Structures are given as structure tokens and as C-alpha cells.
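Below you'll find the structure, written out as C-alpha cells, and then a few comments.
This is the structure:
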């Protein structure tokens, strides 16, 4: 260093170093290790300022000035080298930091990429599932539409069937009404014919015919009046039948009627033969059972069973049936009708022992089916 150089040269060098110092600190302000560099440079600048101030204060000896100048130069060189080393260190640390940051970013990017792939797979699966569900939904919609159409068609057919059933019931009731009227006409004709006959035996035959026709006409009348063609009120029918018979066979005997009906309704196919059978038994009782007696009793018991059969017990406490041992071999139309009608009811009829005449009928609709 030229010792004759003006002190301003030192000041320029120091200012240059400070500018470099400030530039490095400003450029690498966010880099790791910058604080260490800051402390080293500040220490070097303090040494330079101290030496510089010492060189400017007074006029020391020439050798002392040279020694200090040499020391100052060495300090400046070391300061520059320290600045370069520190800058390089800061740069290397910055590179490592950036590399680590880039590595972290790459790891995050890989994680995000894997997640994106998984989301893409899930999305593709959802799209496929959605399409499948839509396809199945369309198929189900088609099935529901077909089922709805069939149901509507079934409902229309059912309504038509119900209307047809109602119309049929009206027609059947009208037929029963007309049959009843025709039978009433037959009764009137028979009664008119009976009035032309004087023979009591013939008149009795006509009278029996009238009661039988009346019993059948009464069934058709009750069928016409019933709300349900398959279920006719039995009690109403039997009460009316007994009243008609007592009116036809007017006798002087005081009658007691014991009627116990435990089955409430029957169909017309059962009630017609049952009514004719009861008509025959009660007619015979009114004609023969109470001759010469002031009072008598006619009893009717009717019950049903779970199999659809009937239990009928009907009779009187009159004089009894002559020739009881031969009653199952009928020799009259009335007794033959009783056996025939019992067969139509799928049952067997028995004459019970004791006073009077009491029949018991037990019908079993399944008897013929079991035999077959």
C-alpha cells in the first residue's frame, strides 16, 4: 500500500466494502446463515474503522504506519475472503434449502398425483355404477310400466266382471221371481181343479200337490228377497212354510210349535229338498198325528256342522206311525218322497223309537266323494 496515498483512498475502500456488504445482506436476506455473515462482517468493519481512525489521529512514526498499513491490508483481504466464503456458504445453504424445498414439493406432488389417480379411478367407478343404475332403473321402470298396464287391465276386467256378476244376480233374482209366480199360478190352477172335485180322497191328493208346489214356490220367493243368492234365511223360510201348512190343513187341535234353528242360512240347492222334506213330515203330522186329540206338539231342530252337513230332527207327539217296522219300505208317495229327498241331501234318515213320529236326518256332503 502506498503510504503517501491520501486517507480518502481508505475511506473509499471501506465504503466499497460496506456497499458490497449491504448488497450481499440485502440479496441473501432470506437465506440461512446470513446472520453469521452479518456478525463476521460487522466485526471486520469495526477492526478496519479502528485501524483507520488510528492512522488518521496524529502522525506516528513511519515504520509504525507501514506496519499498521500492512495489517490493515491483511485485514481487508481477509474481510474480502470472509465475505466471499460466507457468500459461497450462504449460496450453498440456499441451494440445499431450495433442493430440500423442491424435494418436499415433489413429495407433495407425488402424493397429490396418487390421490388424483385414486380420485380418477373412484370417479370412473362412480360413473360406471351410475350408468348401470340408470340402466337398471330404466329396466325397472319398464317392468313397472308393464305391471301398471297389466294391473289397469285386470282392474278393468274386474270391474266388468263385478258389473257382470251384479247383472247376473239381477237376472237370477228375476228368474226366481218369475218361477215363484209361475208356481203360484200352478197352485191356483190345482186349487181351482180341486174345487171341481167332490171325492175327499181326490181332494186330499190335490191338497198335497198344492202344499208341495207351495213349498217350492216359497223357496224361490225367499231367494228373490234375499240379498245373497247363495245364503237364504232358513228361519224365515221355515216359519212361513209352517204357517202356510197350518193354514192349508185347518184342524181343531191346539198346536205347539217348537222350532230350534241353529244354522242361519242355506243355499237354494239345499233348501229346496230340505223344504220339501219338512213339508212332507209336517203335512203327515197335521193330517194323521192328532186325530181325536185336543192339543199336540210339532218340533223342528236344525243344525249344521263344519263339513257343511246338516242335522235335522223333526216330528210330533201324536199317535205314531203304523207299521213302524216297515217304514223304510215305503208304500206311499209321501214316504217315498221323504227317502228320495234325504238322498238328495247326501244323508240318511231314521225313524226314532218312542212316542209319536220323530225323524232324524244326518247329511254328509263328503260321503260320496270319500266313496269315490
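Residue numbers (my numbering): 85 to 456.
A virtual CB, placed ideally from N, CA and C, is assigned to each residue, including glycine.
Here the structure is a predicted model, which means the values were calculated and not measured.
Which residues does DSSP pair with residue i in a beta bridge?
i, result
"residue 385", "344, 397"
"residue 380", "339"
"residue 316", "350"
"residue 46", "Residue 46 is absent from the model: the chain starts at 85 and stops at 456."
"residue 446", "395, 432"
Apply the 10 Å Cβ neighbour rule to residue i and answer buried if 16 or more other Cβ atoms are within range, or exposed otherwise.
i, result
"residue 264", "buried"
"residue 304", "buried"
"residue 296", "buried"
"residue 238", "exposed"
"residue 374", "buried"
"residue 143", "For residue 143, the predicted model reports a pLDDT of 44, less than 50, meaning its position is unreliable and no value from the coordinates is stated."
"residue 298", "buried"
"residue 437", "exposed"
"residue 340", "exposed"
"residue 292", "buried"
"residue 221", "exposed"
"residue 277", "exposed"
"residue 63", "Within the shown structure, residues of the chain are numbered from 85 to 456, placing residue 63 beyond reach of any answer."
"residue 452", "Low confidence applies here, because residue 452 scores a pLDDT of 36, under 50, leaving its location unreliable and the question unanswered by this model."
"residue 358", "buried"
"residue 433", "buried"
"residue 76", "There is simply no residue 76 to check, as the chain begins at 85 and stops at 456 in what is shown."
"residue 318", "buried"
"residue 422", "buried"
For my contact list, residue i and residue j are in at a C-beta cut-off of 8 Å; report their separation, rounded to the angstrom.
i, j, result
"residue 371", "residue 333", "6 Å"
"residue 416", "residue 429", "The pair is not a contact, with the Cβ atoms about 20 Å apart (cut-off 8 Å)."
"residue 366", "residue 329", "5 Å"
"residue 355", "residue 316", "6 Å"
"residue 368", "residue 431", "That pair is no contact at about 19 Å."
"residue 425", "residue 361", "4 Å"
"residue 337", "residue 288", "In fact, because the Cβ distance is near 18 Å, the residues do not count as touching under 8 Å."
"residue 435", "residue 411", "5 Å"
Evaluate contact between the stretch 391 to 403 and the stretch 312 to 328, counting only Cβ atoms and requiring at least three cross-stretch pairs below 8 Å.
no
query = Quick one: any contact between the stretch 374 to 384 and the stretch 331 to 348, if contact means 3 or more CB pairs under 8 Å?
reply = yes
*Counting only runs of 3+ residues fully inside the stretch 282 to 314, write out the beta strand (DSSP E) ranges in chain order.*
none
Contact between the stretch 435 to 443 and the stretch 395 to 411 (3+ Cβ pairs under 8 Å): yes
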